[in-house]
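Mapping to my numbering: the sequence shown position 28 is 28, numbers consecutive. The beta carbon of each residue, even a glycine, is placed where N, CA and C say it ideally should be. These notes concern the structure reproduced below.
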Amino acid sequence: MSKPNEKVHMLTQDAQKRKNNFSEVATGLTEELVLQEAERCLNCKNPLCVAGCPVGINIPKFIQLIKEKKYLEAAVVINQDNLLPAICGRVCPQENQCEQACVLNKSGKSIGIGYLERFVADYQRKHSKEETKERPSSKGKKVAIIGSGPSGLTCASELKKMGYGVTIFEAFHKPGGVLVYGIPEFRLPKDIVNYEIDNLRKMGVEIRTNSVIGRLKTIDKLFEEGFDAVYIATGAGHPVFMSVEGEELNYVYSSNEFLTRVNLMEAYKFPEVDTPVVLGKKVAVIGGGNTAMDSARCALRMGTEKVYCIYRRSEKEMPARVEEIEHAKEEGVEFMFLTAPVKYIGDTENNVKKAVCIKMELGELDASGRRRPVPISGSEFEIEVDSVVVAIGTNANPLISETTKDMEVNKWGYIVADEAGRTTKKYVYAGGDIVTGSATVIKAMGAGKETAHVIDEDLEKKDR
Ligand code: FAD
Ligand code: SF4
């Protein structure tokens with residue numbers, strides 16, 4: 001039960017029930033709770049929450065409209081700055097953004113801005129009678145977008161609204177990027193992502209799936225085919241391993257492969273869908289970010305008996321959202337903090353059977369501002385595992401940079417782009433994770449939106 005004048009609690013499926021299904025964990029607020037939450041907003045003259053929002057949504061204005069029960073009007077206000085509010089309302093780390101900045105956070109009673117955004121966006125999807133219309137390509141110019149994650153989708157929408165012909169090239173067979181292949185159904189139902197993608201198609205954006213740029217064709221080839229500009233939004237989906245002995249054993253997965261198989265290939269519907277993932281009874285997930293939480297919670301739902309989450313720092317340093325950590329604990333994921341694997345041992349058929357781990361302690365601050373984990377010598381111990389999911393981060397995929405030699409990348413392989421999204425190659429732009437490294441949905445969207453306007457400016461100038 002929520003106390004008056006405190007942030008309302010999100011309604012959720014019971015933990016014991018939900019750990020056996022892929023349906024959404026958070027079931028949303030009732031209208032009554034939404035109104036109760038909106039009433040707490042002070043409608044500040046200097047709204048700190050807006051400064052905390054990476055895309056600057058007019059938060060007090062949309063909350064005021066909620067108070068007046070004008071939900072569709074509230075949605076219009078959000079849409080001015082955010083194309084995908086039903087997605088952001090669910091996955092944005094509001095506790096580090098708008099809600100952290102909210103003036104009421106000083107007393108720990110910040111407004112549940114994400115909950116309200118989600119309610120309004122869901123209401124709009126269910127009740128709006130407005131049909132998405134086709135937008136003509138009135139500018140007579142075409143832009144190619146590589147990658148259909150939040151950055152590519154947002155850039156496509158903005159450019160289409162401005163009158164450009166827009167084609168998205170996507171490597172996978174389904175568009176959506178991490179929103180469909182990474183974040184699981186129980187956190188972000190795919191219907192919501194598909195609804196937004198359908199709207200883009202209705203606007204006239206062409207989406208070509210199974211199109212790996214760098215293999216199928218190069219960026220120069222896109223220009224030869226008549227595109228006037230290219231926006232690269234390929235994310236940072238290249239798996240990273242720890243280089244410990246035994247990582248090559250069977251059933252040691254990268255989190256990308258594991259989550260892609262479960263979410264995009266729908267392994268959780270096996271045998272109805274013919275893409276099984278073999279996990280066995282005991283799974284060790286390595287890492288402490290959102291990807292690790294998603295992997296651990298997917299593993300539970302795939303029917304494993306025991307899921308360990310092994311993280312080399314303490315809980316305080318975990319980069320995952322607090323809500324996701326809490327949900328994982330409630331569902332029964334067993335956390336092993338200050339622990340790291342040093343070796344995996346297999347059986348005679350090269351199937352992983354044991355993880356040798358070492359205990360860690362926290363030392364001096366490192367470059368990330370967190371205390372560096374230091375192994376405690378002699379503290380090694382073994383745990384039995386049938387599979388391992390390595391979720392320690394990702395890198396840039398080198399495919400495009402290797403086939404675009406005249407575009408600069410940094411030493412980690414991320415594309416060098418200025419604040420406006422311009423790369424070192426003329427009329428080639430980049431944004432989202434492929435520039436910043438793994439970040440957030442809203443930041444990737446923000447880059448897509450801003451760069452769309454820069455592309456427009458540059459192409460307009462080209463004609464003068
Ligand atoms: P992506 O979403 O990675 O999309 C890139 C797309 O480009 C992909 O579809 C890929 O197939 C395609 N592509 C790649 N190379 C090529 C090529 N050569 N040719 C054609 N297409 C190509 N952020 C949050 O804010 N909240 C969360 O809760 C959250 N949870 C996450 C959970 C997981 C498991 C992961 C992996 C990430 C999570 N993130 C979260 C981070 C967030 O999803 C990313 O920051 C965001 O998706 C980046 O968007 P993007 O458009 O830059 O790239
Ligand atoms: Fe409302 Fe908090 Fe924003 Fe003030 S800072 S307008 S209280 S959400």
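If distances are taken between C-alpha atoms only, which option among G108, E419 and P184 comes closest to R301? P184
So what's F186 in DSSP terms, helix, strand or just coil? coil
Roughly how many angstroms lie between the CA atoms of P136 and D220, to the nearest whole one? 26 Å
Taking only three categories from DSSP, how would you classify S157? helix
Smallest Cα separation from M407: which of N395, R312 and G421? G421
For L362 and P375, what's the separation of their Cα atoms in angstroms? 9 Å
By DSSP's criteria, I145 is part of a beta bridge. Which residues make up the other side? I168 and Y231
Specify the secondary structure class of R372 as computed by DSSP and reduced to three states. strand
Proximity of V285 and C309 at Cβ, strictly below 7 Å: yes
Let me check you understand the geometry: is the CB of F169 closer than 6 Å to at least one non-hydrogen atom of ligand 1? yes
What first and last residue would you give for the alpha helix (DSSP H) that runs through E331? V322 to E331
Heavy atom of ligand 1 within 6 Å of V103 beta-carbon: no
Would you kindly work out how many angstroms separate the C-alpha atoms of V193 and G149, rounded to a whole number? 10 Å
Taking DSSP's pairing of strands, which residues face G152 in a bridge? Answer by DSSP bridge pairing: none, since G152 is not bridged.
If we count Cβ pairs, one from each stretch, closer than 8 Å, do we get three or more for the segment 167-176 versus the segment 352-369? no
First and last residue of the beta strand (DSSP E) that includes T339? T339 to G346
Residue range of the alpha helix (DSSP H) that includes Y123: I113 to H127
Please name the residue or residues paired with E361 in a DSSP beta bridge. V374
Under the three-state reduction of DSSP, which class applies to E349: helix, strand or coil? coil
What number of angstroms, rounded off, separates the C-alpha of L459 from the C-alpha of S157? 17 Å
Assign V441 to one of two classes, buried (16 or more other C-beta atoms within 10 Å of its C-beta) or exposed (fewer than that). buried
Excluding the 5 residues preceding and the 5 following K449 in the sequence, name in chain order all residues of the same chain whose CB lies nearer than 6 Å to its CB. T154 and E158
Option nearest Y475 by Cα separation, candidates N210, M336, L65 and L11: Outside the modelled stretch of the chain, which goes from 1 to 464, sits residue 475, for which no answer is possible.
Among E248, M242, E247 and N256, whose alpha-carbon lies nearest the alpha-carbon of G235? N256
Count the other C-beta atoms from every protein chain shown that fall within 10 angstroms of the C-beta of A195, then say buried if there are 16 or more, exposed otherwise. It is worth fixing the name first, because residue 195 is Tyr in this sequence and not Ala. Label assigned to Y195: exposed.
Between which two residues does the alpha helix (DSSP H) carrying R90 extend? P85 to V91
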